[in-house]
Amino acid sequence: MTAVRDREAPPAGGALSALAHPISYRGDIEGLRAVAVLLVLVDHAGLPLTGGFIGVDVFFVISGYLITSLLLAELVEKRGISLRSFYARRARRLLPAAATVLLVTALLTVLLIPRTRWLDIAYDIGASAIYVENWRLAELAVDYQAQDSTASPLQHFWSLAVEEQFYIVWPLLLVAVAALLRTRWLGYVPRTTLAAAPGGVQRRVLVALAVAIGVVGVPSLAWSVWFTADNPFAAYFVTTTRLWELAVGGATALLAGVVARRSPATMAVVGWAGLGAIAVSAVLYTSSTPFPGVAALVPVLGTAAVLAAGASAAAPGPRRVLDVGPMRWVGTLSYSLYLWHWPLIIVAAAVVGERTVLLGTVAVVLSFVPAYLSYRYVEDPIRRSRPLRRDPEKSLAVGLTATAAAMMAAVAMIVGVGTTPTTASAVPLTLDAAGDVDRDQPRIGALVLADDPRDDPAGAPTDTVPSITPDPVGAKNDIGPGWCSTAILETEVRTCALGDTSSPTEVALIGDSHAQQWTTPLSTIARQRHWRLTGYTKSGCPFVSQDVAISSDAAGGTTPGGRTYRECAVWRDQVVQRLTTGPNPPKMIIVSSGEHFPMVGGEIVRGARATDLLVRGFREAWAPFQARGTRVVVIGDTPAPDLEVPDCVAENRDRLTECTFSRAEANTVDGAAIVEAGRAQRDVTVIDMSDALCPTERCAPVIGGVLVWRDISHMSASYAATLAPRLNRLLPPLP
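Under the UniProt record's numbering, think of the first position of the sequence shown as 1, with each following residue one higher.
Structure representation (structure tokens):
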């Protein structure tokens with residue numbers, strides 16, 4: 001997303017003549033930048049352009065083209081590349097504007113975004129400041145615990161991180177090539193510039209440069225294809241799956257001299273075909289398109305074609321629509337527009353309470369104002385500053401100062417949170433010999449509810465409560481004891497032993513994170529009943545024999561992925577093998593599950609057929625246990641708020657009714673496949689706890705002074721703890 005505006009290119013000559021000077025200013029490239037940023041803006045606004053995200057890929061190719069052109073020109077004209085000067089230019093051009101956005105976002109976060117989100121945003125600011133946000137998002141994309149998080153106002157920095165990492169690696173690669181040029185292998189000793197070298201030497205240099213670009217680009221493309229199929233969530237963000245896109249831009253720059261000598265008519269056709277490829281992918285691609293991988297070839301090669309066509313000044317190609325005043329103006333602002341638009345969308349959504357197309361569109365339009373001001377008073381003056389241009393050390397110092405300022409803002413936000421997040425239930429609970437709550441236990445949480453909690457006024461929404469446990473700021477970490485689930489891409493069976501760990505009587509809790517959230521009350525019950533409770537849970541993995549889709553979405557919500565969740569099947573088979581082949585199988589297995597999507601033939605199945613497949617799959621998974629006399633207990637899924645309850649509560653402590661939601665819409669027990677599978681079998685006990693979480697028609701966020709949910713779909717461990725006596729009464733005795 002950089003700009004190049006230098007002196008005119010030399011006339012065509014030898015093999016390296018097109019690289020002998022920095023490329024001239026090209027209005028069509030500014031126009032192509034405008035296309036890229038407008039695609040991104042339309043996509044992020046929520047307007048009906050499903051493939052607008054490919055605008056980022058257009059940016060990648062442009063950046064690879066421009067940076068490679070500059071580096072190669074320096075290599076050819078000056079016999080080498082000055083890393084100090086190159087990094088000084090990048091620091092001067094990129095870091096002050098980015099730091100300005102990070103600092104303003106930090107301020108807007110503190111003023112307008114719930115305190116519950118400060119910590120995550122602070123980490124995003126820090127990661128963005130040092131350009132590793134893409135790796136942070138890649139980690140979150142495979143972290144099921146993070147998938148319900150509200151979108152970060154800095155997550156768009158992932159693409160800037162990819163480019164900055166490219167800017168570190170790419171010059172070093174060309175410096176290595178320059179060192180190779182000094183060997184007898186190329187038959188060239190640099191007594192003069194490469195531009196003045198014999199034609200044979202120039203051709204060998206071109207071959208060496210092409211090989212160097214291929215060494216980076218080809219493996220990256222192969223890895224992108226494989227990793228996108230294996231883990232599309234992480235593959236979208238990591239640098240290794242994107243380097244080939246920038247390398248394609250570099251290869252296009254290397255071939256500029258060759259394509260410039262093609263006929264204008266031919267290059268015009270190439271250019272229009274390239275612009276058409278960009279348009280087609282923007283219209284036809286959707287969020288379910290596996291990306292980058294093979295699909296990215298269309299917009300990437302299309303962009304390369306447009307750039308190549310533009311190298312031929314006589315070609316009457318896309319220049320006609322790209323090199324016009326409005327497009328050049330938007331292209332000039334493209335970097336600032338990209339920086340500013342997303343924070344404004346997310347901050348506006350936090351203020352309004354939801355993201356809508358209208359809100360996104362207004363935020364995008366308004367982003368032109370700070371983008372212009374940022375370009376006019378920060379980006380352009382610093383980039384053009386003569387003292388900074390003359391002194392690379394000063395440029396680097398300016399860049400480091402900007403980065404340090406953003407990092408300090410992140411640290412200040414972390415300190416400002418002021419609450420140490422909990423890592424276990426804040427409500428310890430014990431049961432007496434009869435299995436009831438100890439009479440000395442304060443009546444909090446679900447303990448305030450009647451034996452039949454339906455329509456109990458004690459569970460009705462109210463605007464204020466004397467206190468809230470846990471503090472909403474640390475609620476997302478209120479996960480209870482024994483959090484040892486297997487991560488989403490792992491297959492190793494991780495277990496936790498709770499309750500009476502010395503007991504020979506084992507009860508197994510099996511399923512996904514919606515099963516794991518019952519660990520807290522079950523461990524209390526296990527101590528009272530003298531069971532050894534062992535947790536066998538895996539993120540996003542239901543205990544079902546049917547293949548399901550891998551699910552993850554770092555930006556919020558649970559969405560089906562693009563492939564079969566193979567790791568889930570491997571893990572499930574290992575759990576069955578471990579628990580059914582020994583001499584002492586568990587006396588009881590307790591299972592629970594959130595919503596999942598079955599896969600057949602690599603395609604997601606929905607509707608009634610999906611339910612039928614899952615019902616059969618659950619029964620088949622339980623069958624080996626039932627054959628050995630193990631009792632099966634199904635706990636129906638908990639109601640799903642579909643809003644970040646801690647965020648809402650933190651912002652509405654005096655208006656908690658703002659954080660309620662409909663019981664009818666949130667109840668996930670009725671019709672759930674796991675419940676249907678259990679109800680159809682006589683030897684399976686089905687437990688429905690939804691009335692104790694949502695007693696009235698409007699579900700309250702706080703009951704008995706305890707926060708009921710810790711995120712968009714999971715109970716807080718503190719509230720779950722208070723369900724222990726109620727759950728204890730519903731659990732059957734061991735066989």
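Glycine included, every Cβ here is placed at the ideal spot set by N, Cα and C.
| query | result |
| --- | --- |
| Can you tell me which of V37, P725 and A640 puts its alpha carbon nearest to the alpha carbon of R328? | V37 |
| Rounding to the nearest angstrom, what Cα-Cα distance links G540 and D471 in this structure? | 27 angstroms |
| Along the beta strand (DSSP E) that carries L47, what are the first and last residues, could you check? | It is not in any beta strand (DSSP E) - L47 carries neither H nor E in the DSSP assignment. |
| Name the DSSP beta bridge partners of G535, please? | C496 and L509 |
| Beta carbon of L614, beta carbon of A666: below 8 angstroms? | no |
| Can you name the start and end residues of the alpha helix (DSSP H) that M327 belongs to? | G325 to T332 |
| Do you know how far the Cα of A446 is from the Cα of C699? | 13 angstroms |
| Roughly how many angstroms lie between the CA atoms of I81 and Q546, to the nearest whole one? | 57 angstroms |
| Helix, strand or coil: which one does DSSP assign to R631? | strand |
| Is the beta carbon of A88 sitting closer than 8 angstroms to the one on L396? | yes |
| Pull up the DSSP beta-bridge partners for V300, would you. | Answer is none; V300 lacks a bridge partner. |
| Apart from the five residues on each side of it in sequence, which residues of its chain come closer than 6 angstroms, Cβ to Cβ, to S159? | V56 |
| When you compare only the Cα positions, how much space is there between V576 and P639? | 28 angstroms |
| Nearest to A402 by CA position, among T356, I67, S128 and L83, is which residue? | S128 |
| According to DSSP, is V465 part of a helix, a strand, or is it coil? | coil |
| Does any heavy atom of the ligand PLP sit closer than 7 angstroms to the C-beta of L400? | The ligand PLP is not part of this structure, which contains no ligands at all. |
| Short of 7 angstroms in beta carbon distance, which residues of its chain neighbour P299, apart from the five on each side in sequence? Order them along the chain. | I54, D57, V58, A277, I278 and S281 |
| Within the continuous alpha helix (DSSP H) that includes Y408, where are the two ends? | Reading off the sequence shown, one finds Met at residue 408, where the question assumed Tyr. M408 -> alpha helix (DSSP H) spans P392 to V417. |
| Pull up the CB-CB distance for G257 and G317, whole angstroms please, since I reckon it's below 8 angstroms. | With a Cβ gap of about 18 angstroms, G257 and G317 do not count as contacting. |
| Check each candidate in S718, Q155, R609 and V205 and name the one with the smallest Cα separation from D124. | Q155 |
| What three-state label does DSSP hand C659 in the structure shown? | helix |
| State the DSSP-derived secondary structure class of C648, mapped to helix, strand or coil. | helix |
| With DSSP run on the structure shown, which of helix, strand or coil describes A433? | coil |
| Excluding sequence positions up to five away, which residues of its chain have a Cβ less than 7 angstroms from the Cβ of L344? | A363, L366 and S367 |
| Pairing CB atoms from the segment 579-592 with CB atoms from the segment 632-646, are three or more of them under 8 angstroms? | yes |
| Taking only the alpha-carbon atoms, compute the straight-line gap between L498 and A623 and give it to the nearest angstrom. | 25 angstroms |
| Would you mind sorting V294 into buried or exposed? The rule is 16 or more other CB atoms within 10 Å of its CB. | exposed |
| When you compare each of Q626, V205, V415 and P219 to residue 737 by their alpha carbons, which one comes out closest? | Residue 737 cannot be examined here, being either before or after the span of the chain that is shown, 1 to 735. |
| Which of the three DSSP states, helix, strand or coil, is assigned to M715? | strand |
| At the level of alpha carbons, what is the spacing between D436 and I444? | 14 angstroms |
| Return yes when the Cβ of K476 is within less than 8 angstroms of the Cβ of A646, no when it is not. | The sequence shown places Pro at residue 646, rather than the Ala named in the question. Yes. |
| Within this structure, are the beta carbons of A253 and T68 separated by less than 8 angstroms? | yes |
| Taking M588 as part of the beta strand (DSSP E), name the residues at either end of that continuous run. | M588 to S592 |
| In the DSSP output, which residue or residues are listed as bridge partners for A73? | Paired residue(s): none; A73 is not in a bridge. |
| Cα-Cα, which of P171, R454 and Q528 is closest to L75? | P171 |
| Could you pull the start and end residues of the beta strand (DSSP E) that V686 belongs to? | V684 to I687 |
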